[in-house]
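Everything on this sheet refers to the single structure shown next.
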Amino acid sequence: MFTYFMPTKIYAGENTLQKNADALILGKKAMIVTGKSSGKKSGALGDVLAIFKEKGIESIVYDKIENNPTIETCAAGAAAAREFGADFLIGIGGGSPLDAAKAIAVYAANVPVEGSDFELYDIFKGSFKNKPLPMAAIPTTAGTGSEVTPYSILTLHSIKNKKSFTSPDVFYKCAFLDGRYTVGLPLQIARNTAVDAMSHLMEGFTDKKASPASDYIALEGLRGIGRHLDALRSGTLSKADCLELLWASSLGGIVISQTGTTIVHSMGYPLTYYKEIPHGMANGIILPEYLRRAEEVLPEKVKACLAALGLGSVEEFKAYLAEILPCDVTFDEAEVYEWTETTIAAKNALVCPFAVTREMEFDMYKTVLF
Ligand code: NAP
Ligand code: FE
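Residues 10 to 379 (the working numbering) are what the sequence shown spells out, left to right.
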């Protein structure tokens, strides 16, 4: 018995935004949510503004979303949206702006309680009184799949960690995938984000919630990334390659929308929070050790997902990741042990294919970090 749900309409291909411009118009007044540079550098912001001008849609740009967005930034964005009277949102950027837009959509429709980030998070715990504003997504990285997930991952400084919320009400109405928006990505960001997509596909394929539908999609996504391992290494991705990677990233999002993620993600969050290691790279540090342990209980599945990437063993995968994810951060053992107090409490541990304990997570950290 399994279920499958993903309500976002995807438009994929070169100039897809221009070709499907009507689909972008989800109301009368829009707020565009983006990062400091991703909207402009990708060209997507200019394209959206040109369409709005032609269609007579009033809009404002909220480009204050930082990497790993905080709840406060989202609440401030919602205040700006309410003041302007926005009735729909466009998210443009990597996972950070795309996730932030989901929180803004909730806060804009449901005035948040004032207070600490912990109190502001409260609204995400139940169902919302008012439906979040409708949203359209334009990803400018190929990694998180946020354009097709019901998740938003936010930074809470009060708990010194990242915390996610989930609601079917924050699925984007539509998403536009165009390799033109990711072809100019700095190589290291392209690599980190591709590894995040691989991680979603592999975690979803091996976790306890995997289903025939999610497995089918996961292998297709891994094959899509596998065709570009060499170009990710050499930095020679074409626009067409980038579209294929965007699609694979969306497939990863579709997979985790069904399965959730595992301890690779929860163990990666402290690496990002305390050491500022980008999200995809953090996953890539943990992933080979996760696969090595998953292989003990699911040898055929681990073999199948590596084969879909075009690789023969966990060791080969580990060597590839070491090559494309250079990381010279140093760690302190006592600090790392502290992290396991939070990571073991995350519900991601429950869906792992093997039993997880705090000591095991500490062992995993020690294996990959020291
Ligand atoms: P990101 O934090 O959105 O962006 C990383 C960097 O890439 C930023 O400096 C950004 O610039 C830059 N950038 C983005 N697009 C660009 C482009 N086309 N050209 C040049 N620079 C560009 O990174 P991400 O890895 O995509 O997203 C990570 C976030 O997503 C994390 O918070 C993670 O927890 C979350 N996530 C969410 C899900 C989900 O299901 N919702 C799944 C996995 C991860 P600017 O900041 O200047 O704009
Ligand atoms: Fe992720």
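Note that the Cβ used here is the ideal one computed from N, Cα and C, for glycine as well. Since this is a predicted model, take the numbers as computed values, not measurements.
Through-space distance from residue j to residue i, alpha-carbon basis
{"i": "Ala248", "j": "Thr149", "result": "Reading off the sequence shown, one finds Lys at residue 248, where the question assumed Ala. Straight-line Cα distance between these residues: approximately 13 Å."}
{"i": "Gly65", "j": "Ile101", "result": "20 Å"}
{"i": "Glu63", "j": "Asp56", "result": "11 Å"}
{"i": "Glu75", "j": "Gly44", "result": "6 Å"}
{"i": "Gln27", "j": "Cys361", "result": "42 Å"}
{"i": "Arg380", "j": "Leu98", "result": "Residue 380 falls outside the range modelled here, since the chain spans only 10 to 379, and no answer is possible."}
{"i": "Gly262", "j": "Glu342", "result": "33 Å"}
{"i": "Gly277", "j": "Ala291", "result": "5 Å"}
{"i": "Cys314", "j": "Gly321", "result": "10 Å"}
{"i": "Ser167", "j": "Asp126", "result": "7 Å"}
{"i": "Asn139", "j": "Ile19", "result": "25 Å"}
{"i": "Ala380", "j": "Val377", "result": "There is no way to answer for residue 380, as the model of the chain reaches only from 10 to 379."}
{"i": "Asn201", "j": "Ile286", "result": "10 Å"}
{"i": "Ser47", "j": "Ala53", "result": "8 Å"}
{"i": "Ala316", "j": "Leu129", "result": "44 Å"}
{"i": "Met369", "j": "Gly104", "result": "29 Å"}
{"i": "Arg367", "j": "Ala32", "result": "47 Å"}
{"i": "Leu280", "j": "Ala89", "result": "32 Å"}
Residue i CB to nearest heavy atom of ligand 2 below 8 Å
{"i": "Asp31", "result": "no"}
{"i": "Gly94", "result": "no"}
{"i": "Gly289", "result": "yes"}
{"i": "Gly213", "result": "no"}
{"i": "Ser68", "result": "no"}
{"i": "Ser208", "result": "yes"}
{"i": "Thr270", "result": "yes"}
Opposing strand residues paired with residue i [DSSP bridges]
{"i": "Leu165", "result": "Asn170"}
{"i": "Gly102", "result": "Pro148"}
{"i": "Glu67", "result": "Lys38"}
{"i": "Thr245", "result": "Answer by DSSP bridge pairing: none, since Thr245 is not bridged."}
{"i": "Ile3", "result": "For the chain, the structure presents residues 10 to 379; residue 3 sits outside this window and is missing."}
{"i": "Phe97", "result": "Ala39"}
{"i": "Tyr160", "result": "Thr175"}
{"i": "Ile74", "result": "Gly44"}
{"i": "Thr79", "result": "Thr164"}
Residue i versus the options, residue with shortest Cα-Cα distance
{"i": "Asp96", "options": "Ala117, Ala85, Gly104, Asn76", "result": "Ala117"}
{"i": "Ala87", "options": "Leu194, Ile263, Pro287, Ile41", "result": "Ile41"}
{"i": "Thr270", "options": "Asp205, Cys314, Ser68, Ala39", "result": "Asp205"}
{"i": "Thr268", "options": "Ser258, Ala358, Gly213, Ala316", "result": "Gly213"}
{"i": "Thr352", "options": "Phe185, Ser275, Glu229", "result": "Ser275"}
{"i": "Val365", "options": "Thr376, Val377, Thr349, Ala30", "result": "Thr349"}
{"i": "Ala383", "options": "Tyr160, Leu58, Val323, Ser46", "result": "A question about residue 383 goes unanswered here, because the residues of the chain that appear run from 10 up to 379."}
{"i": "Lys217", "options": "Lys312, Lys356, Pro143", "result": "Lys356"}
{"i": "Cys251", "options": "Ser105, Tyr13, Gly152", "result": "Gly152"}
{"i": "Gly94", "options": "Gly103, Asn29, Ser68, Lys73", "result": "Ser68"}
{"i": "Lys310", "options": "Gly36, Asp31, Thr215", "result": "Thr215"}
{"i": "Phe11", "options": "Ser220, Ser258, Gly36", "result": "Ser220"}
{"i": "Pro159", "options": "Val323, Tyr346, Met15, Ala257", "result": "Met15"}
{"i": "Tyr329", "options": "Glu344, Gly293, Ser155, Ala85", "result": "Gly293"}
Cβ of residue i within 9 Å of any chain C Cβ
{"i": "Val345", "result": "Note that chain C does not occur in the displayed structure, where there is just one protein chain."}
beta-carbon residue i near ligand 1 non-hydrogen atom, thresh 8 Å
{"i": "Ser167", "result": "no"}
{"i": "Thr158", "result": "yes"}
{"i": "Pro279", "result": "no"}
{"i": "Ile75", "result": "According to the sequence shown, residue 75 is Glu rather than Ile. Correct: Glu75 has its Cβ closer than 8 Å to ligand 1."}
{"i": "Tyr13", "result": "no"}
{"i": "Ser259", "result": "no"}
{"i": "Tyr190", "result": "yes"}
{"i": "Ser220", "result": "no"}
| Contact the segment 292-299 vs the segment 173-190: 3+ CB pairs below 8 Å | The way I'd put it, the segment 292-299 doesn't touch the segment 173-190; fewer than three beta-carbon pairs between them come closer than 8 Å.
| query | Does the segment 236-251 come close enough to the segment 302-312 that 3 or more CB-CB pairs lie under 8 Å? | reply | No, the segment 302-312 is not in contact with the segment 236-251.
| Taking contact to mean at least 3 C-beta pairs separated by less than 8 Å, is the segment 109-118 in contact with the segment 70-83? | With a cut-off of 8 Å, the segment 70-83 and the segment 109-118 count as touching, because enough Cβ pairs lie within range.
| query | Is the segment 130-142 in contact with the segment 160-177, if contact means three or more CB pairs nearer than 8 Å? | reply | Result yes; three or more Cβ-Cβ pairs closer than 8 Å.
| query | Just checking, does the segment 196-204 make contact with the segment 324-335 on the three C-beta pairs under 8 Å criterion? | reply | Yes, since at least three Cβ pairs between the segment 196-204 and the segment 324-335 fall closer than 8 Å, the two stretches touch.
| query | Any chance the segment 120-129 sits against the segment 225-233, with 3 or more Cβ pairs inside 8 Å? | reply | The segment 120-129, when compared against the segment 225-233, does not touch it at the 8 Å Cβ threshold.
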